[in-house]
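For the sequence shown, position 180 matches number 338 in my numbering, and the numbering has no gaps at all. All C-beta atoms, glycine included, are put in the ideal place defined by N, C-alpha and C. See structure below.
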Amino acid sequence: MSKAGLPPLADDAIPESLAEVIAAWPYKLHRTLAHSPDTLLKWLPYGEHILLHNALPFREREIAILRVGWNARCAYEWGMHSIVARRGGFEDADFEALCVGADSPHWTPGEAAVVAAVDDMMRDWTISEGVWARVAEHYAPDQLVDLVWLSGNFLTISLQLNALRVPLEDGLPPLPEDRPHYTRAT
Numbered sequence: 159m160s161k162a163g164l165p166p167l168a169d170d171a172i173p174e175s176l177a178e179v180i181a182a183w184p185y186k187l188h189r190t191l192a193h194s195p196d197t198l199l200k201w202l203p204y205g206e207h208i209l210l211h212n213a214l215p216f217r218e219r220e221i222a223i224l225r226v227g228w229n230a231r232c233a234y235e236w237g238m239h240s241i242v243a244r245r246g247g248f249e250d251a252d253f254e255a256l257c258v259g260a261d262s263p264h265w266t267p268g269e270a271a272v273v274a275a276v277d278d279m280m281r282d283w284t285i286s287e288g289v290w291a292r293v294a295e296h297y298a299p300d301q302l303v304d305l306v307w308l309s310g311n312f313l314t315i316s317l318q319l320n321a322l323r324v325p326l327e328d329g330l331p332p333l334p335e336d337r338p339h340y341t342r343a344t
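What follows is the structure, encoded as structure tokens:
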């Protein structure tokens with residue numbers, strides 16, 4: 159194989175053990191991860207739980223996922239969750255604030271703390287004392303645990319998407335171009 163990355167598996171190449179999984183999750187991410195059926199089958203229940211059943215409210219969950227995708231420069235993650243977030247009520251100002259970061263005046267104090275926590279985790283592999291105090295002021299212990307798990311899971315997914323060069327789904331909104339007032343955790 160000379161080209162970097164792996165192509166998503168076509169329908170006729172999907173292992174029988176993954177037929178139901180791909181029927182439920184027909185995306186290029188899952189079709190690419192299907193190159194390793196056992197790993198996909200083990201990861202998916204965890205991924206579904208973290209995405210669909212975690213203790214964070216929908217808005218904070220999507221803020222965290224999108225900030226991870228922005229920081230990781232993951233166009234696929236940004237695009238997929240931009241659609242999810244818009245369906246859940248996000249507006250243009252929310253997406254602008256996601257690129258600006260925790261200092262955007264758009265955020266509530268709790269939302270700004272979520273953005274700051276994601277940035278800390280991606281930059282320093284921990285949450286600083288000051289940011290921990292801010293985020294803990296707004297969220298219960300189970301929500302704090304789920305924020306860490308969610309951020310870590312979507313950082314892993316962003317890494318997979320970028321490293322495996324998973325092609326974008328049709329019609330995804332693009333990752334915004336950098337602007338001088340935008341920030342990333344680096």
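message: Checking 8 Å against the spacing of the C-beta atoms, do Ala222 and Asp300 come in under that value?
response: no
Contact belief for Ile315 with Glu235 at Cβ below 8 Å, rounded distance in angstroms: 6 Å
- prompt: Residue ranges of each alpha helix (DSSP H) run of no fewer than 4 residues wholly in the region 212–254, ordered along the chain?
  reply: 216–229 and 233–245
task: Compute the distance between the beta-carbons of Ser309 and Val258, then report whether it is under 8 Å.
output: no
- prompt: Would DSSP call Arg189 helix, strand or coil?
  reply: helix
- request: Any chance you could list the alpha helix (DSSP H) runs of at least 4 consecutive residues sitting entirely within the region 258–302, in chain order?
  value: 267–282 and 287–296
- request: Just tell me which of Leu333, Trp290 and Leu164 has its CA closest to the CA of Glu269.
  value: Trp290
message: Please report the distance separating the alpha-carbon of Ala177 from that of Gly163.
response: 23 Å
task: May I have the straight-line CA-CA distance separating Ser240 from Pro331, to the nearest angstrom?
output: 7 Å
- prompt: Taking DSSP as the reference, what is the three-state secondary structure of Val306?
  reply: helix
query: To which residues of the same chain is Ala251 closer than 8 Å at the C-beta, ignoring the five residues directly before and after it?
result: His264
- prompt: Count the other CB atoms within 10 Å of the CB of Val305; is the residue buried (16 or more) or exposed (fewer)?
  reply: As written in the sequence, residue 305 is Leu, which differs from the Val given in the question. Buried: at least 16 other Cβ atoms inside 10 Å.
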